[in-house]
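Numbering (my numbering), first residue to last: 2 to 87. Input: a single structure, listed below in structure tokens.
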């Protein structure tokens, strides 16, 4: 039985046990990302983050990382798309 099945059957939070990233989008102006590993690319049009299981690409205009820590970050700007890449 895989880790994910155990977590699912016990109804445990996937983010803390599997390291899944949490992406919260507020309107089209703010993105809050938790559980990421690092920043791969950072421009005013694209911010590419490395998650534990995939890459997360935020596309838009006037993108800016407001703050970041080892666990989370806030991105603001005109958000046009969020894409998960294997």
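Where a beta carbon is used, it is the ideal one built from N, C-alpha and C, also for glycine. Values in this document were obtained by computation on a predicted structure and should not be read as measured data.
- With a beta-carbon spacing of about 7 angstroms, residue 46 and residue 64 fall inside the 8 angstroms limit used to define contacts.
- Rounded to the nearest angstrom, the gap between the Cα atoms of residue 37 and residue 82 is 18 angstroms.
- The C-alpha of residue 77 lies about 10 angstroms from the C-alpha of residue 59.
- Distances from the CA of residue 29 to each of 40, 79, 48 were compared; the closest alpha carbon is that of 79.
- Residue 86 sits away from residue 62, with the two beta carbons spaced by 8 angstroms or more.
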